[in-house]
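Visitor: Respectively, the protein sequence lines represent chains A and B.
Residues in the first sequence are numbered from 1 upward in steps of one, following UniProt numbering.
Residues in the second sequence are numbered from 1 upward in steps of one, following UniProt numbering.
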Amino acid sequence: MAASGSAAKGKGGDPGEIDISSLSVEQLQTLMKQVEQELTGLKQSYGALKSAEQRFRTSREAVAGLKTTPDGEEVLVPLTTSLFVPGRIKATSRVLVDVGTGFYVGKSLDDASAILEKKEKSIVETTNSIARQVREKEAGAEAISQMMYMKGQAARAAAAGRTA
Amino acid sequence: MDTAMQAMMDEYKKVRADTQSVVTNITQLQSQLNENSMVKEEIDEVKDGEPVYKLVGPVLVRQDVEEVKSLVTRRIGLIKSELAKAEARAEELRKKEDAIKDKVMAHQKATAASTAARAASGSA
Numbered sequence: 001m002a003a004s005g006s007a008a009k010g011k012g013g014d015p016g017e018i019d020i021s022s023l024s025v026e027q028l029q030t031l032m033k034q035v036e037q038e039l040t041g042l043k044q045s046y047g048a049l050k051s052a053e054q055r056f057r058t059s060r061e062a063v064a065g066l067k068t069t070p071d072g073e074e075v076l077v078p079l080t081t082s083l084f085v086p087g088r089i090k091a092t093s094r095v096l097v098d099v100g101t102g103f104y105v106g107k108s109l110d111d112a113s114a115i116l117e118k119k120e121k122s123i124v125e126t127t128n129s130i131a132r133q134v135r136e137k138e139a140g141a142e143a144i145s146q147m148m149y150m151k152g153q154a155a156r157a158a159a160a161g162r163t164a
Numbered sequence: 001m002d003t004a005m006q007a008m009m010d011e012y013k014k015v016r017a018d019t020q021s022v023v024t025n026i027t028q029l030q031s032q033l034n035e036n037s038m039v040k041e042e043i044d045e046v047k048d049g050e051p052v053y054k055l056v057g058p059v060l061v062r063q064d065v066e067e068v069k070s071l072v073t074r075r076i077g078l079i080k081s082e083l084a085k086a087e088a089r090a091e092e093l094r095k096k097e098d099a100i101k102d103k104v105m106a107h108q109k110a111t112a113a114s115t116a117a118r119a120a121s122g123s124a
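So this is what it looks like as structure tokens:
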């Protein structure tokens, strides 16, 4: 169902490709709930990916920093977020890269940085695609709420016509 | 609601619950497959002389690259077969659900027909 629909066909362009004007108010409400649920899920993934992207960026900055650090430089090693002990850095030319499922590979700084950049890029791509989906869903939700409002107006007008 | 109907509803609920757990299982397996594929990609690109470690508890243990490769490949195969099994199970449950729906519909039709017949004979 991942139709990358070009929803440029008027304001009725719901990404679900359903003609929402043919639905009853109850059906619209159900659809709205569903769309909202999907939106929450997408936004959650978006947030998670954003924080992952940030983590990769921080790692990359750390690797870049290590590049200009001479062997034996004094550093403060964090034991907790607020407690540090002084130490000396050793073997600054190689780092361990976590490749997932408990495996680590020793890499040169340049290679490590390349891997981090690659991962970061792929995350950015996914994030962008999710952002696009969120926008589409939001447009769909907007169309649904508008249609619900119009249906409500029409129902009220019909009721007023009957009593008059 | 009569007992036959009640039984069918219970069965339906059970199938739905089973479907839910199978679907969760499938998503889990898919994310595992995804993660392992990414590991495989990186391991395949390990150059000569680059050490590979495995985290065992709090310790990093040096691993043979070829061994890790075959391990990850095996793991991916295992996950794929598990995934195929889970998907087959999901398909099976879908069919079961449809069958119950048909049964319920047939049952409703039958009861409606019998009550109509009774009403007709009663008024006659």
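All C-beta atoms in this analysis are idealised placements derived from N, C-alpha and C, irrespective of residue type, glycine included.
#1: Applying the 10 Å Cβ sphere with the 16-neighbour rule, what's the burial state of B:Asn34?
#2: Could you compute how far the alpha carbon of B:Val59 sits from the alpha carbon of A:Ser129?
#3: Can you give me the C-alpha to C-alpha distance between B:Arg74 and A:Ala114, rounded to a whole angstrom?
#4: Would you list, in chain order, the members of the segment 46 to 59 of chain B that have their beta-carbon closer than 7 Å to a beta-carbon of chain A?
#5: Could you check what DSSP says for A:Glu74 in three-state terms: helix, strand or coil?
#6: Shorter than 9 Å from the beta carbon of B:Met5 to some beta carbon of chain A?
#7: Helix, strand or coil for A:Ser108, going by three-state DSSP, please let me know.
#8: Would you give the residue range spanned by the alpha helix (DSSP H) that A:Lys33 belongs to?
#9: Report back the beta-carbon spacing between A:Thr92 and A:Thr69 to the nearest angstrom; my notes put them in contact at under 8 Å.
#10: Compare the beta carbon distance of A:Val95 and A:Leu66 with 9 Å and say whether it is the shorter of the two.
#11: Specify, as a first and last residue, the run of the beta strand (DSSP E) that B:Leu55 falls within.
#12: To which residues of the same chain is B:Val15 closer than 8 Å at the C-beta, ignoring the five residues directly before and after it?
#13: Quick one: any contact between the segment 114 to 128 of chain A and the segment 41 to 60 of chain A, if contact means 3 or more CB pairs under 8 Å?
#14: Quick one: using the 10 Å Cβ neighbour count with 16 as the cut-off for buried, is A:Met150 buried or exposed?
#15: When you compare each of B:Lys47, B:Thr19, B:Gln20, B:Val22 to A:Ala112 by their alpha carbons, which one comes out closest?
#16: Give, in chain order, every residue of the segment 97 to 114 of chain A whose Cβ lies closer than 9 Å to some Cβ of chain B.
#17: With a CB to CB cut of under 7 Å and the five nearest residues on each side skipped, what residues in its chain are close to residue 125 of chain B?
#18: Going along chain A in order, which residues have a C-beta closer than 8 Å to the C-beta of B:Ile43?
#19: List the whole-angstrom C-beta distance separating A:Leu39 from A:Met148, where the pair is believed to meet the contact cut-off of C-beta under 8 Å.
#20: Cβ atoms of A:Tyr104 and B:Tyr12: under 9 Å apart, would you say?
Guide: In brief:
#1: exposed
#2: Taking the straight line joining both Cα atoms gives about 38 Å.
#3: 27 Å
#4: Val46, Glu50, Pro51, Val52, Tyr53, Lys54, Leu55
#5: strand
#6: no
#7: strand
#8: 25 to 67
#9: 5 Å
#10: yes
#11: 52 to 56
#12: Hits under 8 Å: Leu93, Lys96, Glu97, Ile100.
#13: yes
#14: exposed
#15: B:Lys47
#16: Correct list: Val97, Asp98, Val99, Gly100, Thr101, Gly102, Phe103, Tyr104, Val105, Gly106, Lys107, Ser108, Asp111.
#17: With chain B represented from 1 up to 124, any question about residue 125 of chain B goes unanswered, as that position is not in the structure.
#18: Result: Val99, Phe103, Val105.
#19: Contact flag wrong, Cβ pair sits at about 16 Å.
#20: no
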